[in-house]
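Letter by letter, the sequence shown follows residues 1 to 610 of UniProt numbering.
What follows is a single structure, written as structure tokens, with notes after it.
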Amino acid sequence: MSINASTSQGVSGIRGSLQRAISGENSARNLLVGGAAALAVGGVGYYYYKRTHPSGTSDSIAVAECKKKQGNECFRLKDYQGALNNFMWAVDALKSIEYGPTGDADSVAAQKKKTAIDLMSNCYNNMAACYENLGDHSNCIKYCSLAIDLNSKYWKAINRRSRAFAKMQKYREALGESYDFSTRLSFEALDLKDLTEQQLASIYEERERISQLVVKPEIEATIRGIENTYKPIPQYVIANWIWYSVTKDPLVLRAEKLNPKMIYTGVDAALVQLKKTEYDQVLPVALELLKDDSMTNLELVQATLLVCRFLHLHNQTAAAREYTKNFDAAWQSLDEEMKADCTDLHVAYLCLCVSIAENNNQAVTNAEKALAVDPENADPLLTLGLRYMEQEAESDALDAFNKALLVDPAHPYIKFYVLYLKFVDACKNQRINDVHGCIFQFDQALSEVSSPPVFALLLFVKVCVLSNNTELALATAKKAIIAQPNNAYALSLHALVATEPTEKLEICLDRLQRNMDKVVEADPNYWEPYRTLARMSLERAKADEKEKYKVMPFYEKAVTLARRREEFDILLKDKLWAELELERQNKAILNKASASKSVKGTKTTLSGDN
């Protein structure tokens with residue numbers, strides 16, 4: 001019988017043992033081990049037992065099993081000290097056993113030895129459980145370690161030791177325990193017959209909680225460190241603006257008409273950098289334009305909007321908000337006729353204000369202002385929906401997209417966002433029929449368009465992956481790459497979907513390496529491929545020690561490119577697990593070297609001591 005959390009309210013400690021003995025409920029032997037006051041008597045009793053009984057293996061095991069059973073009963077009654085005394089008695093009985101050569105594993109001696117080891121390990125873990133309930137986390141760790149020394153796959157002891165480290169605020173040690181436990185779950189097929197799905201989920205939740213405690217200070221420090229840093233602009237950050245959402249932004253439309261091989265002046269000098277995908281060059285050029293006295297008022301308005309937009313894209317959103325004051329001033333310099341001719345420019349500015357608003361109430365207000373300027377332009381509502389999607393507020397996003405469809409029923413993008421959100425909602429609420437219906441509708445909607453938007457194809461890839469339709473996901477990812485060969489996100493998705501789990505690992509890693517190199521070439525500012533390369537090197541390090549020196553540089557590169565809190569959360573936890581895996585690999589190498597030097601005797605004593 002193993003120790004579990006007790007739900008019974010019983011009498012505890014010495015008083016409980018004495019009262020039960022006096023009332024005749026317990027035998028004299030139970031009284032002897034009932035509490036600290038009876039330890040001396042208990043010691044005499046045990047000494048007498050040892051002197052009057054043979055120390056045979058079977059007798060010692062029988063005594064240990066009896067004392068373990070009594071300890072479990074004390075534990076159930078929350079008499080933790082009494083339980084400890086019984087478990088220690090059981091351990092002492094097992095320590096007295098001496099073994100000669102045990103022969104093969106099926107021999108009687110070998111079987112008895114295994115029984116004794118398992119029993120001692122179980123008693124140590126039960127003692128750790130007592131100390132855990134008594135709040136003595138140091139002793140809890142000590143006895144968990146003794147249990148694990150005897151049984152390296154003892155998941156209860158491993159998990160209990162992790163909890164004890166966490167309660168002592170030794171989070172790194174706790175996480176090391178949790179990582180070791182998770183690794184064993186994955187690769188060593190621990191005996192989990194007593195582990196329910198709920199317990200397993202609880203273990204992983206605890207691991208997540210501890211890892212969050214470890215990386216949180218680093219996340220906060222990293223975010224503070226980039227507050228005034230102009231981050232390079234990756235494709236996935238700018239894509240929503242230029243490819244996946246608005247259809248009436250005059251600056252995007254104007255940039256599309258430029259020839260990237262030509263030299264331009266004025267605002268076009270900045271916009272051609274956008275056309276050439278030299279995103280990090282747009283802001284410097286736009287800032288220089290604002291110093292040019294020959295610029296017209298309209299060009300100043302356009303250049304100011306570019307500066308606001310690209311401050312935001314460079315992760316300087318607070319500076320972008322402040323700079324909107326300059327746009328307001330420049331806009332007021334236009335006469336009324338020019339303002340009337342430039343409503344799309346004004347709406348584009350208000351769409352930016354939706355994106356950079358400090359809160360959702362401000363974002364909604366800016367969207368309403370934009371609709372007042374042009375009630376037939378759906379871009380503001382689409383921008384609002386994308387803001388909600390980033391916040392994982394699917395219901396609000398769907399509401400915004402549906403309103404946008406009322407404004408522009410023929411909009412080329414909105415329906416795909418609506419279908420995707422309906423699919424996500426069906427998955428979350430486990431409506432299987434609706435899931436299949438959404439997949440069919442999405443596929444149908446794509447087939448009705450001669451040139452489907454790349455973002456819609458990529459959304460459908462995610463839909464197919466989530467519904468385990470790898471074949472359709474791969475075919476759709478290929479369509480996205482054909483439509484936009486240098487789309488880093490499309491290349492990355494295709495690389496991951498194309499991975500064959502049945503292939504030999506090295507072949508799979510080689511192909512993934514080539515594909516990730518293509519992603520980096522398409523967008524060197526994208527953090528995700530560096531994370532993938534780090535994980536690949538970590539896997540290869542198991543066979544090639546040189547690979548382990550590549551792991552951390554890849555992670556550090558990814559961290560320098562990440563921008564959002566959720567990205568840092570993913571990366572820094574991933575990096576932490578990689579550090580733990582490298583430590584595990586190094587420890588395994590040392591243990592192997594140590595084992596090769598050890599000399600095994602023919603006589604073994606079960607001491608269980610460190």
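Where a beta carbon is used, it is the ideal one built from N, C-alpha and C, also for glycine.
A quick note: this is a predicted structure, and the numbers were derived from the prediction, not measured.
Local Cβ density within 10 Å of residue i, reported as buried at 16 or more and exposed below that
| i | result |
| --- | --- |
| E197 | exposed |
| D293 | exposed |
| K68 | buried |
| P529 | buried |
| P553 | exposed |
| T476 | buried |
| T265 | exposed |
| Y88 | Note on residue identity: the sequence assigns Met, not Tyr, to residue 88. Per the 10 Å Cβ criterion, buried. |
| Y549 | exposed |
| D79 | buried |
| G225 | exposed |
| H137 | buried |
| E545 | exposed |
| L311 | buried |
| E132 | buried |
| D335 | exposed |
| M245 | The residue you asked about is not Met; residue 245 is Ser in the sequence shown. When all chains shown are included, S245 counts as buried. |
| K156 | buried |
| N86 | buried |
| L457 | buried |
| A174 | buried |
Cβ neighbours of residue i in the same chain (closer than 8 Å, five flanking residues each side left out)
| i | result |
| --- | --- |
| T115 | I61 |
| I439 | F423, V463, C464, S467 and N469 |
| L571 | W527, R531, Y555, A558, V559 and A562 |
| E376 | V407 and D408 |
| V435 | F423, A426, C427 and S467 |
Span separating the alpha-carbon of residue i from that of residue j
| i | j | result |
| --- | --- | --- |
| P217 | N240 | 31 Å |
| K557 | R76 | 53 Å |
| residue 630 | N359 | Given that the chain is displayed from residue 1 to residue 610, the structure contains no residue 630 and the question cannot be resolved. |
| L300 | Q169 | 56 Å |
| L134 | N591 | 34 Å |
| N72 | A164 | 21 Å |
| L382 | A488 | 23 Å |
| L419 | Y349 | 28 Å |
| L313 | L306 | 10 Å |
| L491 | L533 | 14 Å |
| A578 | R535 | 8 Å |
| L298 | Y230 | 27 Å |
| Q332 | N228 | 30 Å |
| F460 | N125 | 50 Å |
| S152 | N159 | 12 Å |
| I238 | K575 | 27 Å |
| A521 | C130 | Residue 521 is actually Glu in this sequence, not Ala. For E521 and C130, the distance between alpha carbons rounds to 58 Å. |
| L421 | R564 | 22 Å |
| F442 | E500 | 26 Å |
| R84 | N122 | Here the sequence assigns Leu to residue 84, which means Arg is not the residue at that position. Between L84 and N122, the C-alpha separation is close to 13 Å. |
| E547 | L474 | 30 Å |
| R207 | L213 | 10 Å |
Pair within 9 Å by beta-carbon distance, residue i and residue j
| i | j | result |
| --- | --- | --- |
| H411 | V373 | no |
| P250 | Y279 | no |
| A483 | P452 | yes |
| residue 628 | N525 | Look at the range of the chain in this structure, 1 to 610, and you will see that residue 628 is not part of it. |
| V559 | S537 | no |
| D523 | P234 | yes |
| S178 | I141 | no |
| I356 | A378 | no |
| R584 | Y555 | no |
| A541 | L509 | no |
| F455 | T222 | no |
| D344 | K248 | yes |
| T324 | C353 | yes |
| C144 | R161 | yes |
| L287 | V267 | no |
6 Å CB neighbourhood of residue i in its chain, flanking five on each side removed
| i | result |
| --- | --- |
| A64 | A90, A93, L94 and L119 |
| A330 | L300, V301 and T304 |
| A593 | none |
| K276 | P260 |
| I117 | L150 |
Proximal residues to residue i (C-beta, below 7 Å), its chain only, five neighbours per side dropped
| i | result |
| --- | --- |
| D396 | Y388 |
| Y48 | Its pLDDT being 39, under 50, Y48 is placed unreliably in this model, and the coordinates cannot settle the point. |
| G385 | A397, A400, F401, A404 and Y417 |
| L271 | L251, R254, A255 and L258 |
| K167 | H137 |
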